[in-house]
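Here the numbering used here is used: position 183 in the sequence shown is 269, and no number is missing along the way.
Just below is one structure, and these are the notes that go with it.
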Amino acid sequence: MTRRWLAAAVCLLPLAAQDFEKVQIERLAQGLTYAEGPAWSFKDGYLIFSDTPTGKLWKWIPGQLSEVFREDAHGPSGNAFDAEGRLYTCETHARRVTRTDRKGAVEVLAERWEGKRLNAPNDVIVSRGGHVYFTDPAFGTQADNRELDFYGVYHIPPKGPMKLVAKPAGRPNGIALSPNGKLLYVVNTDERNVRAYDVDRSGDTSNERVLISKIPGVPGGMAVDEKGNLYIAANGIEVYSGEGQPLHTIPVKGRVSNCAFGEPDGRSLIVAAGAFLYRLRLDVKGAN
Numbered sequence: 087m088t089r090r091w092l093a094a095a096v097c098l099l100p101l102a103a104q105d106f107e108k109v110q111i112e113r114l115a116q117g118l119t120y121a122e123g124p125a126w127s128f129k130d131g132y133l134i135f136s137d138t139p140t141g142k143l144w145k146w147i148p149g150q151l152s153e154v155f156r157e158d159a160h161g162p163s164g165n166a167f168d169a170e171g172r173l174y175t176c177e178t179h180a181r182r183v184t185r186t187d188r189k190g191a192v193e194v195l196a197e198r199w200e201g202k203r204l205n206a207p208n209d210v211i212v213s214r215g216g217h218v219y220f221t222d223p224a225f226g227t228q229a230d231n232r233e234l235d236f237y238g239v240y241h242i243p244p245k246g247p248m249k250l251v252a253k254p255a256g257r258p259n260g261i262a263l264s265p266n267g268k269l270l271y272v273v274n275t276d277e278r279n280v281r282a283y284d285v286d287r288s289g290d291t292s293n294e295r296v297l298i299s300k301i302p303g304v305p306g307g308m309a310v311d312e313k314g315n316l317y318i319a320a321n322g323i324e325v326y327s328g329e330g331q332p333l334h335t336i337p338v339k340g341r342v343s344n345c346a347f348g349e350p351d352g353r354s355l356i357v358a359a360g361a362f363l364y365r366l367r368l369d370v371k372g373a374n
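What follows is the structure in structure tokens.
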């Protein structure tokens, strides 16, 4: 396995906010080309993250060295784990969503819609009940080879065919669920907003509306804490309440692309930012 040491440059940033007195930021990895898609396996206790341009998935266990989890993951972007510890990955170059079981077997879950290839799946989330939701924008050269004439947000139920949730005008990016699983959130990079959808018992969505608008910078991935607050990768990490009110801005060095809660206590926000991967220790747990 290829290995690299994890850096440990720690600084404390004061943060005037009702739930935060300070945020501790630690640099976990450096020298990446473009970090993306952090996802924590609560079942097995490790982190997966992407280096999209190199096509690699990396694995990190606290207190150990990082190592390459998969050499050729076809331009991996967003990742997520389900309750069984299976890994879901958006493979932007292969234009598909895959699921890797705990023995390493890879299964293709989605690669076409109505006979046409997907654009370039970007981010993914899995509910406690096993419902998979992912975004399908097209960035850069991906837009030159599209077979679909729209950007999509999709739902893969545990049983039954894949469903189209939305066809936004702008490109959907980060995706997350509320703590109770009754709300689906989708970041729109072009429109700089977050849309919310009601989720029923069958996992179907309805009542689309804009929850947050005019997000500073270029918003990408997102995470949700146990209180329902939203953490959006943009100009640093922009924190909003579940009602869409701005709460905090956490400054983070680098081009922030995505974030996810992790570690055994669920109180670390792992942030992907260009060549770096950071850990932010918070006083709240992640939603999932």
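Heads up, the beta-carbon is just placed ideally off N, CA and C, and yes, glycines get one too.
Since the model is a prediction, treat every value here as computed from it, not as a measurement.
Separation of residue j from residue i, as counted between CA atoms
i    : j    : result
G260 : A166 : 12 Å
V210 : G352 : 19 Å
H241 : G289 : 8 Å
H334 : V109 : 11 Å
I298 : L234 : 27 Å
S354 : V154 : 22 Å
T136 : I318 : The displayed chain sequence assigns Ser, not Thr, to residue 136. So the two alpha carbons sit approximately 18 Å from each other.
G201 : M248 : 12 Å
E157 : S127 : 19 Å
E392 : D168 : For the chain, the structure presents residues 87 to 374; residue 392 sits outside this window and is missing.
A359 : P124 : 11 Å
D130 : S343 : 25 Å
G372 : E324 : 16 Å
P162 : Q331 : 32 Å
G267 : F220 : 15 Å
T178 : V357 : 20 Å
D228 : V310 : This sequence places Gln at residue 228; Asp is not what is there. Looking at the two C-alpha atoms, the distance is approximately 29 Å.
R181 : W199 : 11 Å
L363 : L133 : 11 Å
I336 : E122 : 18 Å
E294 : L195 : 25 Å
R287 : I147 : 35 Å
A191 : G216 : 18 Å
G85  : C345 : This structure leaves residue 85 out entirely; the chain is present only between 87 and 374.
The beta strand (DSSP E) enclosing residue i, as first and last residue numbers
i    : result
Y132 : Y132 to D137
E193 : V192 to A196
P244 : Unbroken run through P244: none, as it is neither H nor E.
Q116 : Premise fails: Q116 is in no beta strand (DSSP E) and is neither H nor E.
F220 : V218 to D222
L269 : L269 to N274
S299 : Looking at the DSSP string, S299 is not in any beta strand (DSSP E), and its letter there is neither H nor E.
P162 : P162 to F167
V212 : V210 to V212
L143 : K142 to W146
G260 : P258 to L263
F347 : V342 to G348
Residues bridged to residue i [DSSP beta-bridge criterion]
i    : result
H334 : V325
A319 : I323
T186 : L173 and V192
K313 : For K313, which the question treats as bridged, DSSP gives no partner whatsoever.
F362 : A359
S292 : D284
A125 : I134
A180 : None; A180 has no bridge partner.
K202 : W199
A252 : V239
N266 : For N266, which the question treats as bridged, DSSP gives no partner whatsoever.
R367 : Q110 and S354
N231 : Answer by DSSP bridge pairing: none, since N231 is not bridged.
Close Cβ partners of residue i (< 8 Å) along its chain, the five nearest in sequence each way excluded
i    : result
D276 : A255, G256 and R257
T119 : D137, T138, P139, T140 and A361
G314 : S264, P265, S327, G328 and A373
Under 8 Å between C-beta atoms of residue i and residue j
i    : j    : result
N205 : Y237 : yes
P139 : C176 : no
P243 : E312 : no
V273 : P305 : yes
K142 : A159 : yes
N321 : P302 : yes
L114 : R365 : yes
Proximal residues to residue i (C-beta, below 6 Å), its chain only, five neighbours per side dropped
i    : result
T291 : V251, L270, Y283 and V285
E107 : Any reading at E107 must be qualified, since the residue scores a pLDDT of 49, below 50, and its modelled position is unreliable; the value itself is stated next. Cβ neighbours of E107 beyond the five flanking positions: none.
R188 : G171
P100 : With a pLDDT of 38 at P100, under the threshold of 50, the modelled position of this residue cannot be trusted; read the value that follows with caution. Closer than 6 Å at Cβ, skipping near neighbours: K108.
Q150 : none
K339 : none
Other residues of its chain near residue i: CB distance less than 7 Å, five sequence neighbours each side excluded
i    : result
R341 : A359 and G360
V78  : Here the chain covers residues 87 to 374 and nothing more, so residue 78 does not appear.
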